[in-house]
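See below for the structure under consideration.
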Amino acid sequence: MRVLIVDDEPIARRGLRRLLDRETDIEIAGEAGSGPAAVDAIRVLDPDLVFLDIQMPGMSGLEVVEAVGPEAMPAVVFVTAFDRYALDAFDHNAADYVLKPVDPDRFERALGRARQRIASGDRRDLEKRLLRLLESARPRADRLIVRSANRVQFVEIHDIDWVHAEDNYVRIHAAGSTYLLRETVTGLEQRLDAAQFLRIRRSTIVRIDRIKEVRSLLNGTYELVLKDGTKVVSSRRYREKIERLLN
Amino acid sequence: MSLPRKALLIFVCWTLVGLYFSVHSLALYSYLGRPLPFAYFARIHLTCAYTWALFTPFLLILSKRWPLSGRHRWPHVALHMAAALIFSSLSLFIVEIVHLFVNGEPLHDWSRGWSALMYEELHGDILRYWAVIVIDHTLGYYRRMRDRELTASQLRAELAESKLEVLKRQLHPHFLFNTLNSISVLMFEDVKVANRMLLRLSEILRHGLTDDSPHEVSLERELRFLERYLEIERMRFGDRLTIDMNVDPTSLGARVPNLILQPLVENAIRYGVAAVDRPSRVAIRAEKQGEELKLEVRDDGPGLARNAKRGIGLSNTEARLRQMYGTEQKLELTSPAAGGLLVSISIPFRMATA
């Protein structure tokens, strides 16, 4: 079993390494000292299991899961010094975790459970649990994490102008740049503040204060002109929402 | 108290005063062998009482404007004496007029002249005037005292709370458990290093749990405490963390708020150093600039825009500085061209006594 250790503190990584060295079936695939490095390492090294520290400055362990995507994540044992909020979420979603300082017995038990999960080969189960975990303990509500081939980018939600569906992705237009996020429009809509964003058709969401002009078209559709000059047409299904906005 | 309730209270009080005098007159006249019906006395005394009831709101205004306490209390007493004469004369006059209209004749014999009436009756009305002023003053005094007690207990609570805040800041659970974890790991590698970290942590805990931690300490003492914290962080981050300490020796004796630097440095390490993979540097400066002490904490991390979150840690510091120095302090956040974040604080330069 190949294991990746992620923690921003070298000493803490050494501690986990020492505990893992005692196991005969474990090979330490690598270490990462930050969130972005962890995202890269998971993709490049493709480990079976990750020991993932939660409170890393800059990018938390949960954000690492979000960036990699629950469907691409290996099995995870979270490591945390103190975070009551995350612990509640872990308990609720039966996520494996160990506390710092690390108790060898508990470490052994968490490792044992992870072994079973990996042995059962139920990827769907792992993905579902991680997805639920992200939903109940959304790492940061004020930004999105966009992972591309060779980097991780953070998009501040208050920078988003408008978004639209593009195949299996969502194209995000924010502060003059565009990003491709692996997410559905409906999934993203749930994460955006309904007072600030308006869904105008199945495939499109716009930020309300970026709308410059609303032109009425035939049969209950509208053309919205955004401040950057972009024109988008609403569908009849969302007619009422737009009319509510106009009144 | 609402206005109608106030009016009712004034009405009830003066009614009681009127009835009191009526009963007294009834008893006195029976004793003198000239019994008269109660209604007769009640009419006289209640007329007078209700006249004063109407005056009362004005008297309360005067009482507020000319308080019997404070620097001008003697001039105020003089003003009240004059007002007492005016209101009392007015009251006598009104009572006579009312009787003239209601009974067809005045209460007193006017032929003896107005001044005779004043000599006979004015003293009672002057007393009524003073009764209102003194009662109002007493109630006001009592109210102020109660308010003062309330404020004092609030201040005590705030002080206790800020101590708790300080404690929480130092013993940031995340810092505490990560340090314990480091010690737990180091014990297997190097007992001496583990022990040193344990000792530094104990010192920090002791510092935080000591009850009499003062609001202000000398910069020297603040830096000594900071050094303990930094030693732990240096052990944790190894060669990834470099600390530049640049302290003007003349400023060592200056007074600074207790534990002002540690949260700033912790912020710089958490968001500046730990957030990037490369080795980084935190620079701490202190110098006297004219009448001010300038403290600076600078990191070379991602800087301001990326970390909106770090403002939260600083708002505590800002509130504390404002509370202690009012407008004499300044806290600034800047992103120097070279990158990173610079937090600078200016406070009045005052030497510590001890």
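The listed protein sequences correspond, in order, to chains F and Y. Residue numbering for the first sequence follows my numbering, beginning at 2 and increasing consecutively. Residue numbering for the second sequence follows my numbering, beginning at -7 and increasing consecutively. Idealized CB from N, CA, C, for every residue including glycine. Predicted model, so just to flag it, every value in this text is computed and none were measured.
Beta-bridge partners of Y170 of chain F (DSSP): F:E167. In chain order, S174, V177, L178, R228 make up the part of chain Y whose C-beta sits under 7 Å from the C-beta of I12 of chain F. Unbroken alpha helix (DSSP H) runs of no fewer than 4 residues, entirely contained in the region 6 to 70 of chain Y, are found at 30 to 57, following chain order.
When rounded, the separation of the alpha-carbon atoms in A246 of chain Y and V209 of chain Y is 8 Å. The criterion of a C-beta distance shorter than 8 Å is satisfied by I252 of chain Y and T309 of chain Y.
Here V177 of chain Y is near A13 of chain F, since their CB atoms are less than 8 Å apart.
For P165 of chain Y, the uninterrupted alpha helix (DSSP H) run begins and ends at 165 to 181, by DSSP.
Contact between the region 224 to 243 of chain Y and the region 139 to 148 of chain Y is absent, with fewer than three C-beta pairs closer than 8 Å. Only those residues of the region 83 to 113 of chain F whose C-beta falls short of 8 Å from the nearest C-beta of chain Y are listed: F83, D84, L100, K101, P102, V103.
Annotation: Cβ neighbours of Q56 of chain F in chain Y (cutoff 9 Å, chain order): H166, N170. In terms of beta-carbon proximity, R262 of chain Y lines the interface with chain F, with at least one pair separated by less than 8 Å. Beta-bridge annotation (DSSP): I212 of chain F is paired with F:L227.
For the pair of segments examined, the region 145 to 162 of chain F was found to touch the region 176 to 192 of chain F: the number of CB pairs separated by less than 8 Å reaches three. With contacts defined by Cβ atoms closer than 8 Å, I55 of chain F and V80 of chain F form a contacting pair. A residue is called buried once 16 or more other Cβ atoms fall within 10 Å of its Cβ, and H199 of chain Y is buried on that count.
Counting along the chain, the unbroken alpha helix (DSSP H) around T187 of chain F starts and ends at 186 to 192. Under the 10 Å beta carbon count, F180 of chain Y is surrounded by fewer than 16 other beta carbons and is classified as exposed.
By the neighbour-count criterion, in which a residue is buried when 16 or more other Cβ atoms sit within 10 angstroms of its Cβ, F108 of chain F is buried. Using a C-beta cut-off of 8 Å, the region 83 to 103 of chain F makes contact with the region 127 to 136 of chain F, since at least three inter-stretch Cβ pairs fall below that distance. DSSP, reduced to helix, strand and coil, places D47 of chain F outside both helices and strands of the structure shown, so it counts as coil.
One thing to note: S235 of chain F has its Cβ within 8 Å of the Cβ of L225 of chain F. Look at G16 of chain F: its C-beta is under 8 Å from a C-beta on chain Y. Cβ proximity to chain Y below 8 Å picks out R19 from the region 18 to 29 of chain F. Between L18 of chain Y and the set Y:T7, Y:H37, Y:I2, the nearest pair of CA atoms involves Y:H37. Among the bridge pairs identified by DSSP, L88 of chain F is matched with none. Within the model, the alpha-carbon separation for R85 of chain F versus T179 of chain F is close to 36 Å. Residue range 28 to 33 is occupied by the beta strand (DSSP E) that includes A30 of chain F, with no alpha helix (DSSP H) assigned at that position.
According to DSSP, residue pairing for S338 of chain Y in a beta bridge involves Y:K286, Y:K322. V40 of chain F and G62 of chain F have their C-alpha atoms some 10 Å from each other. By DSSP's assignment, I206 of chain F forms a beta bridge with F:V164, F:R200.
A Cβ-Cβ separation of about 5 Å places R192 of chain Y in contact with E223 of chain Y under the 8 Å criterion. Nearest C-alpha to L5 of chain F among F:H159, F:E28, F:L20: F:E28. A Cβ-Cβ contact shorter than 8 Å links F229 of chain Y with V265 of chain Y.
Straight-line spacing of the CA atoms in R(-3) of chain Y and T7 of chain Y works out to 15 Å. In this structure, I209 of chain F sits away from Y223 of chain F, with a CB-CB distance that is not shorter than 8 Å. For S272 of chain Y, no alpha helix (DSSP H) encloses it; the enclosing beta strand (DSSP E) starts and ends at 272 to 281.
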